[in-house]
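Numbering (the numbering used here), first residue to last: 7 to 98.
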């Protein structure tokens with residue numbers, strides 16, 4: 007995740023808050039409910055979170071990521087919020 011939504015002023019931006027809540031909850035859930043080994047680097051100023059698996063994600067981790075992605079896609083599908091969120095897939 008990178009950047010800020012820009013929907014509203016900081017502290018009032020519901021798009022940024024929703025995206026942050028979905029992403030942070032998914033990452034916390036993976037750390038707490040799976041045995042997957044991960045790394046996470048975040049920079050609050052830039053709105054960047056980089057989360058990586060040390061090996062292929064487990065089934066449970068994939069399910070948690072799918073749930074996060076579903077929520078993000080629902081935000082992106084909204085006519086009002088679509089201009090403020092871009093979901094981009096990169097193969098690494």
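Quick reminder that beta carbons are idealized off the backbone N, C-alpha and C, glycines included.
Suppose you measure from the CA of residue 41 to the CA of residue 63; what does that come to, to the nearest Å? Between residue 41 and residue 63, the C-alpha separation is close to 9 angstroms.
C-alpha gap between residue 71 and residue 13, whole angstroms: Taking the straight line from one Cα to the other gives about 24 angstroms.
Based on the DSSP secondary-structure assignment, which residues constitute the bridge partners of residue 48? As DSSP reads the structure, residue 48 sits in a beta bridge with 55.
Rounded to the nearest angstrom, what separates residue 33 and residue 79 at their Cα positions? If you take the alpha carbons of residue 33 and residue 79, they lie about 17 angstroms apart.
Alpha helix (DSSP H) containing residue 64: first to last residue? Premise fails: residue 64 is in no alpha helix (DSSP H) and is neither H nor E.
Selected residue, minimal CA-CA separation from residue 25, among 87, 36 and 98: The shortest Cα separation from residue 25 among 87, 36 and 98 belongs to 87.
Distance check for residue 9 and residue 90, CA to CA, integer angstroms please. About 10 angstroms.
Between residue 60 and residue 82, is the Cβ-Cβ spacing less than 7 angstroms? In this structure, residue 60 keeps its C-beta atom at 7 angstroms or more from the C-beta atom of residue 82.
By the DSSP assignment, the alpha helix (DSSP H) with residue 29 in it spans what residues? It spans 20–39 - the alpha helix (DSSP H) in which residue 29 sits, taken as one unbroken run.
Under three-state DSSP, which class holds residue 94? Residue 94 falls in the coil class under three-state DSSP.
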